[in-house]
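Taking it in order: structure first as structure tokens, then the write-up.
Number of protein chains: 2
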Amino acid sequence: MARTTGSDGEKTEAAVREAAVSLIARLGYQAMSMRQLAAEVGVQAAALYRYFPTKEDLLFTLMREHMEGLLKAWGAARPASADPVIRLAAYVENHIAFHIERRHATHVSNMELRSLSHERLTQILKMRTAYEKELRTILRDGLEAGAFEIDDTGLTAMALIQMMTGVIVWFRPGERLSLAEVTASYLSMTMRLVGATISHSTARPSGRAGNAVAL
Amino acid sequence: MARTTGSDGEKTEAAVREAAVSLIARLGYQAMSMRQLAAEVGVQAAALYRYFPTKEDLLFTLMREHMEGLLKAWGAARPASADPVIRLAAYVENHIAFHIERRHATHVSNMELRSLSHERLTQILKMRTAYEKELRTILRDGLEAGAFEIDDTGLTAMALIQMMTGVIVWFRPGERLSLAEVTASYLSMTMRLVGATISHSTARPSGRAGNAVAL
DNA sequence: GCACTAATAAAACGAACGTTCAATTAATTC
DNA sequence: GAATTAATTGAACGTTCGTTTTATTAGTGC
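Chains as they are written, first to last, in this note's numbering: chain P, 736 to 950; chain U, 736 to 950.
And the structure:
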């Protein structure tokens, strides 16, 4: 046999990406074999090499696109307001929504950094640092404006990101808590953690921020 | 050649454990080969099988002992006081100190769960759940006593543990912040996060708790 | 110093790995 | 409908894997 009826390059590539994210998240990059991935897609292992030259290229592509998506999502969600409380609320909401929607891809991006070559690791970390810097800027602005009470901006940013990203470890949609409930709770925990005082801004596109502070 | 001069079973086994924790933390369990581990110890691969019947047995032993150590450390650090603020402060201090001291082992225990067989995974998760339950109990007691303001006890416990454990990702001893500074910051963030009111207890063995609340 | 045990080396096992290559067939173009 | 291109198979390559077996040497007890 050779080319199969109905075979389509674009569809196969998409199926490979999807199956790879799922398998790597579940088994780990090293534990997933190319034959296993091919079987999941319904194809022979050799066919994978039409789309990704090596196994590591596949991993890198998945991670890069995940990080690009995260930065793009934040770019779209970033509020126009200068109020640090509103900006922080938007950051938390975007972060949680994005990561819960892509649990598997997040797992891959967080756990498989060590499987990348040095230069590719650097590329991914650059994107990650840029994303974290956005949060540090919000915290610093809030601190300078007297809206937050924070010991150390960098440490607080890491603690918040760690706390928020951790949601993918235990959260399962359709269980005890809804996404909205979880987001509301994380918002109020975040606002208390940074010692936010109540925001006096009139425009509040993110209605939960006020609530969070009040709690 | 065979037995080498100065060879000692106990010393070799200890060297194997130490090298394995370090290698698995750095490379991942699947990526570390038994030959690589043996080379690190300065021995042939076959010699490892005198101490651990399989590679997975080695991993499981490391993880089980890590979790046992964590539970034992908390058992020793657990304060006699009934004050939830004091108990929470002790939990945070113990958690951070234990995990920073054993960064590599913590990495292994958190990242390699998927490499365990089903029944061994269950064993480890049972210990982990018991440890997390201690925190949930403290939070619930504090909530009922009116000392904390918390949306959801379970969710808050997970968020706190995620935040605290995350310290091993970025903290390096001897850099910008000292262990004491990091611990103090995490304590104040924790107390604010749970909405702790000032503890009125007279006995305060963990002096930082009061400070944390005050911040 | 002789028997015995502990600790290791050396070599080999079959299986699985990532990857390559040539052959083959489906779809597309003209 | 012939020529061309796209997509895939099946077989094979050399390497490495976890593990086992056997032999050999260092230390220990008497």
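Just so you know, even glycine gets a beta-carbon here, dropped at the ideal spot from N, CA and C.
Query, Result
"Contacts of R792 of chain U in chain P (Cβ-Cβ under 7 Å)", "According to the sequence provided, residue 792 of chain U is Asp. The question's Arg does not apply to it. Chain P residues near D792 of chain U: none, gap ~18 Å exceeds 7 Å."
"Cβ-based burial, T789 of chain P [other Cβ within 10 Å; buried from 16]", "exposed"
"Buried or exposed by the 16-neighbour rule on C-beta atoms within 10 Å, applied to G810 of chain P", "exposed"
"C-beta atoms of V902 of chain U and I821 of chain U nearer than 8 Å", "no"
"Validate contact between the region 788 to 806 of chain U and the region 782 to 796 of chain P using beta carbons, cut 8 Å, 3 pairs", "no"
"Where H842 of chain U falls, given that 16 or more other Cβ within 10 Å makes a residue buried", "buried"
"Same chain, Cβ closer than 7 Å to K746 of chain P, neighbours up to 5 away in sequence not counted", "none"
"Enclosing alpha helix (DSSP H) for G777 of chain U [first to last residue]", "Segment: none, G777 of chain U is in no alpha helix (DSSP H) and carries neither H nor E."
"Any C-beta of chain P under 8 Å from that of A894 of chain U", "yes"
"Same chain only: Cβ atoms within 8 Å of Y866 of chain P, ignoring 5 sequence neighbours per side", "M802, L805, L806, W809"
"Chain P residues whose Cβ lies nearer than 8 Å to that of V917 of chain U", "L890"
"Neighbourhood of L851 of chain P by C-beta distance below 8 Å, restricted to the same chain and skipping five residues each side", "E791, L794, F795, M798, I859"
"Proximal residues of chain P, C-beta to C-beta of A750 of chain U below 8 Å", "Within 8 Å Cβ-Cβ: nothing; A750 of chain U doesn't reach chain P, min ~23 Å."
"Residue-chain proximity (G763 of chain U, chain P), Cβ-Cβ < 8 Å", "yes"
"Chain U contact for G901 of chain P (CB, 8 Å cutoff)", "yes"
"A817 of chain U classed as buried or exposed, judged by whether at least 16 other C-beta atoms fall within 10 angstroms", "exposed"
"Contact set between the region 918 to 933 of chain U and chain P, restricted to residues whose Cβ is under 9 Å from the partner", "A919, S920, Y921, S923, M924, T925, R927, L928, V929, G930"
"P908 of chain P versus P:D886, P:R837, P:N829, P:T925, residue with shortest Cα-Cα distance", "P:R837"
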